[in-house]
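All residue numbers for the sequence shown refer to the working numbering, where the first residue is 2 and numbers rise by one. We put the beta carbon where it would ideally sit given N, CA and C, even for glycine. Values in this document were obtained by computation on a predicted structure and should not be read as measured data. Below is one structure, written out as structure tokens; comments come after it.
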Amino acid sequence: MPKCVVAISGKRKSGKDYCTKILKQALENRQVAVAVTGISNSLKMEFAKIHGLDYAELLTDGPYKEKYRREMIKAAINPFISTDVVIVSDCRRPSDYRFFTENYSTLTVRVETSDEHRHERGFKFVDGVDDADSECALDLHNFDAVLRNLTGEDLTPQVERIMDIVFEILDKEKKKNIVNK
């Protein structure tokens with residue numbers, strides 16, 4: 002099982018993938034084994050194929066998807082069982098965070114930016130998408146860390162603070178493993 006999960010969320014065009022890439026590189030530069038995964042549509046498609054499920058239903062917000070949510074999230078993490086840190090780049094719901102915090106040592110990170118910066122990156126509000134739970138359900142969540150991703154701004158100090166927390170988690174996991182041996 003990974004020693005630490007960094008669960009990232011943010012609005013569309015906030016720069017989640019960019020921040021994930023920067024964090025991954027910074028951790029790898031410190032000799033940490035890092036993997037990146039998502040729990041988005043491509044995972045749902047693969048999960049549906051493997052388990053003979055209805056892919057279209059897994060894309061809805063209905064009870065069918067909720068019935069399989071925990072298994073889908075676990076399937077996203079399992080390939081990285083021996084990795085130090087897994088960064089999940091697209092958490093969308095409180096149930097995603099709940100799963101990770103109940104099953105792994107988890108750091109929740111929110112990527113934020115201004116509406117102006119989102120528009121510069123191509124954001125256009127879409128009814129039924131940008132006001133849906135998948136985009137808004139974590140708006141009031143209490144995150145462990147927030148990354149302010151403003152165009153042209155150096156993210157290094159913020160990424161270093163997040164890495165400090167990751168290293169605290171890794172140290173705790175290492176001590177826990179020593180005690181349990």
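Proximity below 8 Å, CB of residue i to CB of residue j
{"i": "Ser135", "j": "Lys17", "result": "no"}
{"i": "Ala77", "j": "Gly53", "result": "no"}
{"i": "Val35", "j": "Ile88", "result": "yes"}
{"i": "Glu174", "j": "Ser106", "result": "yes"}
{"i": "Leu141", "j": "Asp85", "result": "no"}
{"i": "Leu155", "j": "Thr109", "result": "The residue asked about is misnamed: residue 155 is Asp in this sequence, not Leu. No; because the gap between Cβ atoms is not below 8 Å, this pair is not in contact."}
Cβ-based neighbour list, residue i, same chain, cut-off 7 Å, excluding 5 preceding and 5 following
{"i": "Gly11", "result": "Lys17, Arg111, Val112 and Glu113"}
{"i": "Lys14", "result": "Arg119, Arg122, Gly123 and Phe124"}
{"i": "Asp131", "result": "Arg13"}
As assigned by DSSP and simplified to three states, the class of residue i
{"i": "Ala8", "result": "strand"}
{"i": "Leu44", "result": "helix"}
{"i": "Arg231", "result": "Residue 231 lies beyond the range of the chain shown here (2 to 182); nothing can be said about it."}
{"i": "Arg71", "result": "helix"}
{"i": "Ile166", "result": "helix"}
{"i": "Thr61", "result": "coil"}
{"i": "Ile78", "result": "helix"}
{"i": "Arg111", "result": "strand"}
Which listed residue (the options) has its alpha carbon closest to that of residue i
{"i": "Thr102", "options": "Gly153, Asn143, Lys45 and Asn178", "result": "Asn143"}
{"i": "Gln26", "options": "Leu151, Met164 and Cys5", "result": "Met164"}
{"i": "Ala8", "options": "Met46, Tyr69 and Ile166", "result": "Ile166"}
Is the stretch 54–61 close to the stretch 18–35, with three or more CB pairs under 8 Å?
no
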